[in-house]
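For the sequence shown, numbering that gives the first Met the number 0 begins at 0 and goes up steadily by one.
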Amino acid sequence: MSPPRECKSLIQAFYFDEMDGIKKFRPGAILQFLLSPRYQAVVLLRWQRIFYLRRESCHKRIMKMNVCFFVNNFIMSVIARINFSWNGGIDVSPLAQIGRYLFLGSPMGVTFGGYCVTGEHLEIHQGVNIGARRGKYPTIGNNVFIGSAAHVLGDVNIGDNSIIGAMSLVINDVEPNTVVAGIPAKKIRSITDSDRCALSVRRVEEVPPRYS
0 MSPPRECKSL IQAFYFDEMD GIKKFRPGAI LQFLLSPRYQ AVVLLRWQRI
50 FYLRRESCHK RIMKMNVCFF VNNFIMSVIA RINFSWNGGI DVSPLAQIGR
100 YLFLGSPMGV TFGGYCVTGE HLEIHQGVNI GARRGKYPTI GNNVFIGSAA
150 HVLGDVNIGD NSIIGAMSLV INDVEPNTVV AGIPAKKIRS ITDSDRCALS
200 VRRVEEVPPR YS
């Protein structure tokens with residue numbers, strides 16, 4: 000995404016709960032948001048991407064060796080180190096194109112390799128590795144759930160509304176609306192209406208009483 004879209008994603012991260020799909024622009028909810036490692040990780044990786052794009056914009060100018068380039072590169076590196084140390088070792092490449100409404104169940108050990116592309120409403124949990132295989136990176140669709148310790152590697156396409164089971168190794172394409180699991184991951188069954196409802200309920204719930 001471009002810097003303006005990344006900034007918009009930051010604002011949406013505060014206004015849109017990336018797990019429950021609820022508007023929580025209230026003091027108690029905002030405090031919980033700011034203190035939660037999963038949201039801190041999302042906000043920091045967005046800022047890292049913003050400064051990377053600004054650095055690339057500076058790099059394309061006539062004077063490549065300029066202050067703008069080095070300042071943005073330094074800030075980007077500092078943000079990456081802070082995110083890694085504060086939030087359980089999450090490692091996100093600034094080259095990764097991450098869609099809106101990313102939810103990290105736990106940022107511990109999560110890895111986004113360079114040039115991977117993800118869609119909107121991606122939900123992943125601890126230990127997930129989205130990385131390279133033979134120099135190629137995955138493309139992940141919208142509304143995808145990836146369980147703990149799963150690995151998605153190489154030039155694979157993950158279809159929309161898919162579920163990848165925990166500790167799976169995905170090295171082949173995944174069709175839309177399917178559940179896969181295993182090493183290597185294989186199709187278990189198709190997504191049912193109950194599965195789809197469970198995955199989307201977080202986006203339609205109202206504000207819980209504790210936020211009122």
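Cβ coordinates follow ideal geometry from the N, Cα and C atoms, glycine included.
Could you give the residue range of the alpha helix (DSSP H) that holds residue i?
i, result
"N72", "V66 to W85"
Buried or exposed, going by whether 16 or more other CB atoms sit within 10 Å of the CB of residue i?
i, result
"T191", "exposed"
"S84", "exposed"
"L34", "exposed"
"S189", "exposed"
"I163", "buried"
"I187", "exposed"
"N128", "buried"
"M75", "buried"
DSSP state of residue i, grouped into three classes?
i, result
"Q125", "coil"
"R132", "strand"
"R37", "helix"
"L52", "helix"
"V143", "coil"
"L44", "helix"
Taking Cβ positions, are residue i and residue j nearer each other than 8 Å?
i, j, result
"P137", "G153", "yes"
"G236", "V143", "The question about residue 236 has no answer here: the residues shown for the chain are numbered 0 through 211."
"Q47", "P93", "yes"
"D159", "N171", "no"
"I81", "L52", "no"
Taking DSSP's pairing of strands, which residues face residue i in a bridge?
i, result
"T138", "V116 and N156"
"S189", "T177"
"I170", "None, per the DSSP bridge assignment."
"V151", "I129 and V169"
I need the boundaries of the beta strand (DSSP E) containing residue i, first residue and last residue.
i, result
"A95", "Counting along the chain, A95 falls outside any beta strand (DSSP E), and DSSP gives it neither H nor E."
"A180", "T177 to A180"
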